[in-house]
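Undergrad: Below are the structure tokens for one structure; questions will follow.
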Amino acid sequence: MKVAVVGTGYVGLVSGTCFAELGNTVICVDKMQEKVDMLQKGEIPIYEPGLQQLVVSNQENGRLTFTTDLTSAVAASDIILIAVGTPASDDGSANMSYVYAVAEEVGEAIGSEYKIVVNKSTVPVGTAEKVEQLIKDKNAQAQVDVCSVPEFLREGSAVKDTFNPDRIVIGTSSKRAEETLVELHKPLTEEIVVTDVRSSEMIKYASNAFLATKISFINEIANICDAYGADVKAVAKGMGLDNRIGPKFLNAGLGYGGSCFPKDTKAIIHLAQAAGYTPELLKAVEGVNERQSFRIIEHVKGVFGTELKGLRAAVLGLAFKPNTDDIRDAPALKIIDELVKMGMTVTAYDPIAIANTKKVLPESDAITYGTNVEGTLDGADVMIVVTEWDEFVKLDSDFMKSKLKKAIVIDGRNIYDPLEMREAGFIYHGIGR
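Right under this line is the structure:
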């Protein structure tokens, strides 16, 4: 099939590249000439394991191209995927300006041939109808079906998730569009859910809000475990073996971050309130998550007291999760800021995300960045684990002790065994352990 993908962020670039890998002819469109130039040279503006190889190989075989010319991409394609950002506005609602701008441009470019326009972006309920109206306002003769096919990709494993989805959700009222979109996605899975467009749009928000709820729930349990001396890992294991609950997203820690859960939870809260309904549970989920990052601070105070001036913390991990350089709503940003406010200095290290973090937290007398784990730990009063990168998981306890001024570890991701750490002579604090 001939597919145009508008937007080359995580969703657009990964989706377009993977559809090309399946044998489709894909044109990826982006307004930024600099970004298109990079992609044409096989350079990837985001960190995503396995993606660069697929981009290069599909460019070489002619199935994947990049352009700033939306008009020609629309003319050459049967399916147009909209995959631009929908960031949170100040009031929590999804900022739809990018989606609507694309819709208007598509309307100007679409001509009179039948096209299928697909919202891959995470959008409020009713967006497909608005997009269709914007297209037809620009071109009353447009033959178009606007559908919803939400993405469920995880940063750091987006390529794997694309080729191995749990399900594909297609929202459409058109049999013609349904048949085409089922054919496009059938090589990925037989588990294809076809529903009305509004339900499809809600499925995305509901899925992310539920996962955010599960994370905040286990973090609440972890905080209660701290108060009573229970081990949240044992609790989560016992819960997760119940097939009504399952083990995924029951890892207690510092809360969720990234580009999806924070903004999508805010967006569904805004949607509910706009309809006159107060979503008390989801508001509590958001509140728990806002507070959870600061559990690290409570543990630091529990070890050192409230007088922290002159102490240096080695912070390991800046990205909101491993295998990505994404620092959007990353707990590390709030933690470092708070440690500095309390008088500590911080040396931070991350395998990938330092460059992005420096744009938000520039180097200063209080904040420096290490080039490796060894240098970051050397002489620090406390080691704080914020992101569970594999190289941190594998650190040897003797190595840590040899570098730290004091054998103190605050483990915000519960990657070490408390008993083993304490037997090795560490003052060890986990989350709910």
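Heads up, our numbering is the position in the sequence shown plus 1046, with the first residue counted as 1.
The beta-carbon is built from N, C-alpha and C at its ideal position, and this holds for glycine as well.
Under 6 Å Cβ to Cβ from F1065, same chain only, skipping five residues before and after it: list those, please.
TA: Excluding sequence neighbours, F1065 sits near V1049, V1072.
Undergrad: With a cut-off of 8 Å, do at least 3 Cβ pairs link the stretch 1188 to 1195 to the stretch 1156 to 1165?
TA: These segments touch.
Undergrad: Which value, in whole angstroms, describes the spacing of the CA atoms of I1128 and V1145?
TA: Rounded to whole angstroms, I1128 to V1145 spans 7 Å at the Cα level.
Undergrad: Taking the alpha carbon of V1177 as the point to measure from, which residue in S1158, V1243, R1222, R1213 has its own alpha carbon closest?
TA: Checking every option, the nearest Cα to that of V1177 belongs to V1243.
Undergrad: Got a sec? Which residues, its chain only, sit under 7 Å from D1272 by beta carbon, not counting five neighbours each side?
TA: The answer, listed in chain order, is G1478.
Undergrad: What does the alpha-carbon distance come out to for the pair P1293 and L1287?
TA: If you take the alpha carbons of P1293 and L1287, they lie about 7 Å apart.
Undergrad: Between the Cα of A1119 and the Cα atoms of C1074, P1397, S1219, which residue gives the shortest distance?
TA: Closest option to A1119, Cα to Cα, is C1074.
Undergrad: Quick check: S1061 and T1208, are their CB atoms within less than 8 Å of each other?
TA: Yes, these two residues count as a Cβ contact at 8 Å.
Undergrad: CB-CB under 7 Å to S1139, same chain, minus the five flanking residues each way: which ones, in chain order?
TA: Only A1313, H1316 meet the Cβ criterion.
Undergrad: Is it buried or exposed, P1308, if we count other Cβ atoms within 10 angstroms and call 16 or more buried?
TA: Result: buried.
Undergrad: Counting only runs of 4+ residues fully inside the stretch 1318 to 1343, write out the alpha helix (DSSP H) ranges in chain order.
TA: The qualifying runs are 1326 to 1338.
Undergrad: At the level of alpha carbons, what is the spacing between N1070 and N1107?
TA: Roughly 11 Å separates the two Cα atoms.
Undergrad: With 16 other CB atoms within 10 Å as the buried threshold, where does N1418 fall?
TA: Under this definition N1418 is an exposed residue.
Undergrad: Exposed or buried, which one is T1173 when buried takes at least 16 other CB atoms within 10 Å?
TA: Buried, by the Cβ-count rule.
Undergrad: Let me check understanding here. Comparing Cα to Cα, which of L1407, M1084, A1412 lies closest to G1356?
TA: Cα-wise, what sits closest to G1356 is A1412.
Undergrad: Classify E1236: buried if its beta carbon has 16 or more other beta carbons within 10 angstroms, exposed otherwise.
TA: With fewer than 16 Cβ atoms within 10 Å of its Cβ, E1236 is classed as exposed.
Undergrad: Please work out which residues of its chain come closer than 7 Å, Cβ to Cβ, to D1310, disregarding the five sequence neighbours upstream and downstream, and give them in chain order.
TA: Cβ neighbours of D1310 beyond the five flanking positions: T1168, Y1251, N1254, A1255.
Undergrad: Does the stretch 1458 to 1468 come into contact with the stretch 1429 to 1449, if we say contact requires no fewer than three beta-carbon pairs (one atom in each stretch) closer than 8 Å?
TA: Yes, they touch.
Undergrad: Along the chain, where does the alpha helix (DSSP H) that runs through T1241 open and close?
TA: Segment 1238 to 1241 is the beta strand (DSSP E) holding T1241; no alpha helix (DSSP H) there.
Undergrad: Excluding the five sequence neighbours on either side, which residues of its own chain have a C-beta within less than 8 Å of the C-beta of G1088, listed in chain order?
TA: Once the five neighbours on either side are set aside, the close Cβ partners of G1088 are Q1098, V1101, V1102, Q1105.
Undergrad: Mark F1445 as exposed unless 16 or more other C-beta atoms lie within 10 angstroms of its C-beta, in which case mark it buried.
TA: Exposed is the call here.
Undergrad: Go through its chain and collect everything with a Cβ distance to V1130's Cβ below 7 Å, but skip five positions before and after it.
TA: Hits under 7 Å: V1052, G1053, Y1144, V1145, V1148, S1167.
Undergrad: Does any C-beta atom of chain C lie closer than 8 Å to the C-beta of S1139?
TA: Although the question refers to chain C, the structure presented lacks it and comprises just one protein chain.
Undergrad: State the Cα-Cα distance for the pair I1473 and I1382, rounded to the nearest angstrom.
TA: If you take the alpha carbons of I1473 and I1382, they lie about 21 Å apart.
Undergrad: Would you mind working out which of A1121, L1257, Y1056, K1283 sits nearest Y1093, comparing C-alpha positions?
TA: Ranking A1121, L1257, Y1056, K1283 by Cα distance to Y1093 puts Y1056 first.
Undergrad: Taking the alpha helix (DSSP H) that K1182 belongs to, which residues open and close that run?
TA: Looking at the DSSP string, the run of the alpha helix (DSSP H) that includes K1182 is 1173 to 1184.
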